[in-house]
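466 is the number that the numbering used here gives the last residue of the sequence shown; the numbers go up by one with no jumps.
A virtual CB, placed ideally from N, CA and C, is assigned to each residue, including glycine.
Below is one structure; the comments refer to it alone.
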Amino acid sequence: MTDIAWIDVTLASARPKALGALLRYFRDLDIAEEAFQEACLRAIRTWPDKGPPRDPTAWLIFVGRNSGIDAVRKQKRTQALPDEELISDREDAESDIAERLDESNYRDDILRLLFICCHPDLPATQQIALALRIVSGLSVQQIAKAFLVGESAMEQRITRAKARVAKAGVPFETPGPEERAERLTIVSTMIYLVFNEGYSQGDPKRDAAAFADEAIRLGRLMLRIFPAEPETMGLLALMLLQISRRDARFDGNGELVLLEDQDRGRWNHALINEALNLLDKAIRHRQPGPYQLQAAIAAIHSRAKRAEDTDWEEIEILYRVLERVQPSPVITLNRAVAVAKLKGPEEALALVDTLAEKLDGYFYFHGLRGGLLKQMGEVRRARESFDRAIALANSAAEAAHIRLQLDKLQNEQAMPAVR
48 MTDIAWIDVT
58 LASARPKALG
68 ALLRYFRDLD
78 IAEEAFQEAC
88 LRAIRTWPDK
98 GPPRDPTAWL
108 IFVGRNSGID
118 AVRKQKRTQA
128 LPDEELISDR
138 EDAESDIAER
148 LDESNYRDDI
158 LRLLFICCHP
168 DLPATQQIAL
178 ALRIVSGLSV
188 QQIAKAFLVG
198 ESAMEQRITR
208 AKARVAKAGV
218 PFETPGPEER
228 AERLTIVSTM
238 IYLVFNEGYS
248 QGDPKRDAAA
258 FADEAIRLGR
268 LMLRIFPAEP
278 ETMGLLALML
288 LQISRRDARF
298 DGNGELVLLE
308 DQDRGRWNHA
318 LINEALNLLD
328 KAIRHRQPGP
338 YQLQAAIAAI
348 HSRAKRAEDT
358 DWEEIEILYR
368 VLERVQPSPV
378 ITLNRAVAVA
388 KLKGPEEALA
398 LVDTLAEKLD
408 GYFYFHGLRG
418 GLLKQMGEVR
428 RARESFDRAI
438 ALANSAAEAA
448 HIRLQLDKLQ
458 NEQAMPAVR
């Protein structure tokens, strides 16, 4: 008897490749998804008794393809079916599919599937929701719960995303080198959006926190497809370095713990070592990109045994390079942290204040500004920045952390001056 848990893992692993192939075949996202679900149901019914097929992915494509064809015929759709020789059962079609999978451009199927989910016409929230539903196979209920919205609202969000994709007429031809590079960049951005959606939750018990693990799974998938792509290595390394600190980011009361105050013994050093090896491999390609640079910065923190051992000069240099490669006010804001460590809060604040117009609605801008003003003894201005940060907090933990800073300000102000 085949273990049911093993079947679940196998279906999840096969999903991107199988669904991508069905999408290329039917050129309709809904039909492909329904065909794959039907194949999964049949697998759950038959595999426990008959055992797993030689190639589970090929089996799912074969069964899903036939199921989809039957559904199209029953619904009398106007969409033309593929040529008869492609759907004929005269040969061992499952075996044939298995052979062609090894030789075909299945990587383009997966890339196309991911690219559809992060189509530029879609807002970021719809990209994430669609990717989690289509590629990762999470239920609408799971996604809705993680985003703290109603199930019907999430269903509408995903439906609208599918409609936009269909209206956009995404091409199904094999992409050329230039288009593939463009798609890879967009897909990487979407994966990192999924990661940040989960990582920003902090608490691993929160439903959305699982998004970070799913993003890492997608990152590993992309690396298997493009094993020599340095930016894909950099993206995965960056996510692994960040997630390695997850257990140390919050104390027993659920309060946020800053990087410099974290117990580094609680960091996951197996993930850190994996990430450092990936980063070293990426650097040898001598094609530095934004994810590699961000991973290199995270690596400096990870290599420091104590917070005071951190090489802030190297971090500041890397942020300057990152600013040239990918100009962004958020990157400049991060560089200001290194400037504060190297040259003091006054010079860092001067840099931060140049970003006020662009980052006024950004939580971390006001949180950092308040912290710098606090160091300078500017109590009133620090309180104003902290109040603004609380109003923009992305989570209860972030708001609680800023309130703690406000409490410290109040206590310091109430203390009599030492003479």
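Inset, instruction - Evaluate contact between the segment 239 to 249 and the segment 163 to 182, counting only Cβ atoms and requiring at least three cross-stretch pairs below 8 Å. - result: yes
Legend entry - Residue environment, T279, which counts as buried when at least 16 other CB atoms sit within 10 Å: buried
Inset, instruction - Tell me, please, whether the segment 328 to 339 touches the segment 299 to 314 by the rule of three or more beta-carbon pairs shorter than 8 Å. - result: no
Legend entry - Environment of D136 [buried if 16+ CB atoms lie within 10 Å]: Residue confidence is low: D136 scores 43 on pLDDT, short of 50, so the model does not pin down where it sits. No coordinate-derived value is stated.
Legend entry - In chain order, each alpha helix (DSSP H) run of at least 4 residues that lies wholly inside the segment 174 to 236: 187 to 194 and 198 to 215
Inset, instruction - Could you pull out every residue in the same chain whose Cβ sits closer than 8 Å to the Cβ of V187, ignoring the five residues on either side in sequence? - result: R180, E198, M201, E202 and I205
Legend entry - Beta-carbon proximity check, Y409 vs L439, cutoff 9 Å: yes
Legend entry - Under the three-state DSSP convention, the category V465 falls into: Because V465 carries a pLDDT of 42, less than 50, the predicted location of this residue cannot be relied on, and the following value inherits that uncertainty. Correct three-state label for V465: coil.
Inset, instruction - Could you tell me whether the segment 369 to 377 touches the segment 318 to 327, where touching means 3 or more Cβ pairs closer than 8 Å? - result: no
Inset, instruction - Starting from P170, follow the alpha helix (DSSP H) in both directions and report where the run begins and ends. - result: That residue, P170, is in no alpha helix (DSSP H); it is neither H nor E in DSSP.
Inset, instruction - Within its chain, find whatever has a CB closer than 7 Å to the CB of L340; leave out the 5 residues flanking it on each side and keep chain order. - result: L365, V368, L369 and V372
Legend entry - A118 versus M286: straight-line alpha-carbon distance, rounded: 41 Å
Inset, instruction - Counting only runs of 4+ residues fully inside the segment 327 to 360, write out the alpha helix (DSSP H) ranges in chain order. - result: 337 to 350
Legend entry - Rounded distance between the beta-carbons of F297 and I233, thought under 8 Å: Incorrect: roughly 32 Å between the Cβ atoms, too far for contact.
Legend entry - Spatial distance of Q289 from S247 (CA atoms): 11 Å
Legend entry - N441, buried or exposed, once every other Cβ within 10 Å from all chains shown has been counted against 16: exposed
Legend entry - Coil, strand or helix - L402 by DSSP: coil
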